[in-house]
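Read in order, the letters of the sequence shown correspond to residues 1 to 173 in my numbering. Down below is the structure, laid out as structure tokens.
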Amino acid sequence: MPALRVNGRAFEVAAEADTPLLWVLRDTIGLTGTKYGCGAGLCGACTVHVDGVATRSCQVLLGSLKDANITTIEGLSADGSHPVQRAWIAAQVPQCGYCQSGMIMAAVALLRDKPRPNAADIAAAMTNICRCGTYPRVAQAIALAAAGTTGTTGATGATGMAGATGANKGGGR
Ligand code: FES
Ligand code: FES
């Protein structure tokens, strides 16, 4: 039975080696903050970190993940207090929220690699698709996070923010 380390916890996964990581996360482990969009590696809704690298989990097979450390949106923080999540709240980024977990995971990886990204860096790294057109606020939130001016509030005023901070338990599947 393949073993997986997700958000610092070890899981024995009863799934075939050719099962996409996205299905394992959502259906086997029950971490539904990571979303299914296209299933073809195009939209980025399923973005997680594999050994710290932003990765589209619909395109990664369980059997290729031996000894890998996976981080999902739920693993950023227990309460939405990660600096990038706080920046998302401060900029009121989400509209429907569906793409936002993947957006945040891509942004966290970008800021880890380039703490002060310029517009070209953001454009190159943030290839996720948002059907609601939140791109300007995504860029604004990344700038806030880079500047360290994300505020401290835990308020979740924007629609879909719970999903974007990984706080949706059961909803928004
Ligand atoms: S669901 Fe994986 S890239 Fe769209
Ligand atoms: S798809 Fe609706 S907020 Fe991005």
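For glycine and all other residues, C-beta sits at the position ideal for the given N, C-alpha and C.
{"Query": "Opposing strand residues paired with V53 [DSSP bridges]", "Result": "V50"}
{"Query": "Sheet register partners of V6 (DSSP bridge)", "Result": "R9, I70"}
{"Query": "Distance cut-off 8 Å: P136 Cβ against heavy atoms of ligand 2", "Result": "no"}
{"Query": "CB-CB length for N69 against G102, believed under 8 Å", "Result": "The pair is not a contact, with the Cβ atoms about 18 Å apart (cut-off 8 Å)."}
{"Query": "Environment of N7 [buried if 16+ CB atoms lie within 10 Å]", "Result": "buried"}
{"Query": "8 Å contact criterion, which A91 and L31 should meet: CB distance rounded", "Result": "Incorrect: roughly 25 Å between the Cβ atoms, too far for contact."}
{"Query": "Whole alpha helix (DSSP H) elements within the stretch 97 to 148, 4-residue minimum", "Result": "100 to 113, 119 to 125, 135 to 147"}
{"Query": "Boundaries of the alpha helix (DSSP H) in which R86 is found, first to last residue", "Result": "83 to 90"}
{"Query": "8 Å contact criterion, which A54 and A109 should meet: CB distance rounded", "Result": "4 Å"}
{"Query": "Same chain, Cβ closer than 6 Å to D18, neighbours up to 5 away in sequence not counted", "Result": "L61"}
{"Query": "Cβ neighbours of C132 in the same chain (closer than 6 Å, five flanking residues each side left out)", "Result": "Q95, C96"}
{"Query": "Helix, strand or coil at L25 according to DSSP, with G and I counted as helix", "Result": "helix"}
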